[in-house]
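Visitor: One structure follows; several queries about it will come next.
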Amino acid sequence: MKKVISFVICSVLFLMFSMFLTAKAEQYVLACKIKITAVRMFSDEVLRSYMIDRYFIIDTLLEGVYDANNLPLDVQSFTKSQITFSKRAQSFADVVDTQLVYNRYTHEITLNEIYAYSSQFDQRARFVTKGKGSCREIKINRTPLF
């Protein structure tokens, strides 16, 4: 009898917990259009200016942000009004530090990227890109497993 009661209690708790998670979980695709301007670091010479499309996935339950390939980005702050996240990519010749700030009320996004040499003797930035744009939040509707 005790086994049956404990099984029923565990089942009810598991069901309540899974309903709580699916009720609170929200995921969005951020479809962003950003105008980028690349500027040489020391001369302030504008190298290039163009529009790009960037896509991100926001998970409000885990407070995570993922890129279009579903790879996690480093979240620095996650509030109801603003999300700040970054990524550092390094190749043989370059280091790219990217920081993005997304305002959830105004749907504006700000991008700052620094391109630098990856040599240990030369860590100076070669150029920076700055961008501003707007995003649309597209809710991902997922059906719960239970």
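Counting from 1, one number per residue, gives the positions in the sequence shown under this note's numbering. No residue lacks a Cβ here, since even glycine has one placed at the ideal position from N, Cα and C.
#1: What does the alpha-carbon distance come out to for the pair Thr-22 and Ile-140?
#2: Just the Cα atoms here: how many angstroms apart are Thr-60 and Glu-137?
#3: Any idea which residues DSSP pairs Leu-30 with across the strands?
#4: Hey, could you find the ends of the beta strand (DSSP E) Ala-160 is sitting in?
#5: Helix, strand or coil: which one does DSSP assign to Met-41?
#6: Does Ser-77 pass the burial test, meaning 16 or more other C-beta atoms within 10 Å, or should it be called exposed?
#7: With 16 as the cutoff for other CB atoms within 10 Å, does Phe-146 come out buried or exposed?
#8: Using the Cβ count rule (16 or more neighbours within 10 Å means buried), how would you classify Tyr-50?
#9: Is it true that the stretch 37–45 meets the stretch 126–137, where meeting means three or more beta-carbon pairs spaced less than 8 Å apart?
#10: Start and end of the beta strand (DSSP E) containing Tyr-105?
#11: Give me the residue from Ser-86, Tyr-105, Arg-104 and Ser-43 with the minimum Cα distance to Leu-111.
Guide: If we stick to the structure as given:
#1: Caution applies to Thr-22, whose pLDDT of 49 falls short of 50 and renders its modelled position unreliable; the model cannot decide the point.
#2: When rounded, the distance between both Cα atoms is 12 Å.
#3: Answer by DSSP bridge pairing, in chain order: Phe-56 and Glu-137.
#4: Given a span of 1 to 146 for the chain in the structure shown, any question on residue 160 remains unanswerable.
#5: In this structure, Met-41 counts as coil in the three-state DSSP scheme.
#6: With fewer than 16 other Cβ atoms within 10 Å, it is exposed.
#7: Low confidence applies to Phe-146: its pLDDT is 48, below 50, so where it sits in the model is not reliable, and the reading given next is rough at best. In the assembly as shown, Phe-146 is an exposed residue. Its beta-carbon has fewer than 16 other beta-carbons within 10 Å.
#8: Within 10 angstroms of the beta-carbon of Tyr-50 lie fewer than 16 other beta-carbons, which makes it exposed.
#9: With a cut-off of 8 Å, the stretch 126–137 and the stretch 37–45 count as touching, because enough Cβ pairs lie within range.
#10: Segment: none, Tyr-105 is in no beta strand (DSSP E) and carries neither H nor E.
#11: Of Ser-86, Tyr-105, Arg-104 and Ser-43, the residue nearest in Cα terms is Ser-86.
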